[in-house]
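Taking it in order: structure first as structure tokens, then the write-up.
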Amino acid sequence: MVDIEHSHILHLYKTFLSPISDLDCGAKCSAYNEHHVPFCCDTRHVIPLAYCSEWDYLSENADMWERISCNEILDFEHLKEKIPPDQVMIKCQGHQKCQREYRSITCRSFPFFPYIDQKGNFIGLSYYWEYEDRCWIINHLDCVSPRFRDEFVFAYEYIFAHSNHEFANFRHQSIIMRRVFGRKKRAIPLISRFPSPQLRYYKISPHNGRMRRVGVDSFAKHGNYNLVDKLPFADEI
1243 MVDIEHSHIL
1253 HLYKTFLSPI
1263 SDLDCGAKCS
1273 AYNEHHVPFC
1283 CDTRHVIPLA
1293 YCSEWDYLSE
1303 NADMWERISC
1313 NEILDFEHLK
1323 EKIPPDQVMI
1333 KCQGHQKCQR
1343 EYRSITCRSF
1353 PFFPYIDQKG
1363 NFIGLSYYWE
1373 YEDRCWIINH
1383 LDCVSPRFRD
1393 EFVFAYEYIF
1403 AHSNHEFANF
1413 RHQSIIMRRV
1423 FGRKKRAIPL
1433 ISRFPSPQLR
1443 YYKISPHNGR
1453 MRRVGVDSFA
1463 KHGNYNLVDK
1473 LPFADEI
């Protein structure tokens, strides 16, 4: 088994740089957080993970990160059991002190993960559905940058080439998504991985993997975003 090493982290940080959108999605979603913080920067909602080699690099070169201790999280032991052995939980000093060149791979990727289909192919980007009610970008997939899509794909192709178990982890994540969406009788949303000037969106049957190309407007909005979308002049909010 090949592991993610220090040199791999340096390569990923140099090539996976682009923001997820031309808009500041953190400023958009923080309006819906009672703590006025982007949800993905709030450890009350999202706990970032870092590869052990990545943590070594960050702890040596940046002052925005620290390890999360067991007394900070009520169900720490339960969460710890779900974390791959080569990764650790970390937290930053807040989005206002963000050193963007030292964002973790988790930060750069969120809310997306590489979706692996039933045949074992990495076919595109889907998202962590637990955050549908909070993440602004999940509810505005049309704002995802094609450049981000390209860098995301190249980054995870690189990771998979150097870590067999990371591919297995995301394949398992994709299986869980199919089970969850199958029970809910929902199609799985996907952004195609293949290069194109405009993003291509699909809905995937969780049962047989059939893909249907759709317009971005066919994806439902969730939580407060669904309520706001129904208001007059919603695009001004």
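The opening residue of the sequence shown carries number 1243 in the working numbering; numbering runs sequentially from there. Glycine is no exception: its CB is placed at the ideal position from the N, C-alpha and C atoms.
Distance from the CA atom of T1257 to the CA atom of E1393, rounded to whole angstroms, is 7 Å. Per DSSP, the beta-bridge partners of C1334 are W1307. Rounded to whole angstroms, the gap between the alpha carbons of Q1329 and L1469 is 37 Å. For E1408, same chain residues with a beta-carbon under 7 Å away, outside a window of 5 residues either side, are I1401 and F1402 in chain order.
Here the alpha carbon of I1246 sits roughly 14 Å from the alpha carbon of L1300. If you look at A1397, you'll find it in the alpha helix (DSSP H) that goes P1388 to H1404.
According to the DSSP assignment, S1249 belongs to the alpha helix (DSSP H) that extends over H1248 to T1257. Residue pairing for L1473: DSSP places it in no beta bridge. Secondary structure note for K1270: its alpha helix (DSSP H) is the uninterrupted segment C1267 to S1272.
In the three-state reduction of the DSSP assignment, R1452 falls in the coil class.
Closest option to I1446, judged by alpha-carbon separation, among P1439, Q1440 and R1454: R1454. Between the stretch 1348-1367 and the stretch 1409-1421, the count of Cβ pairs shorter than 8 Å is three or higher; the stretches touch.
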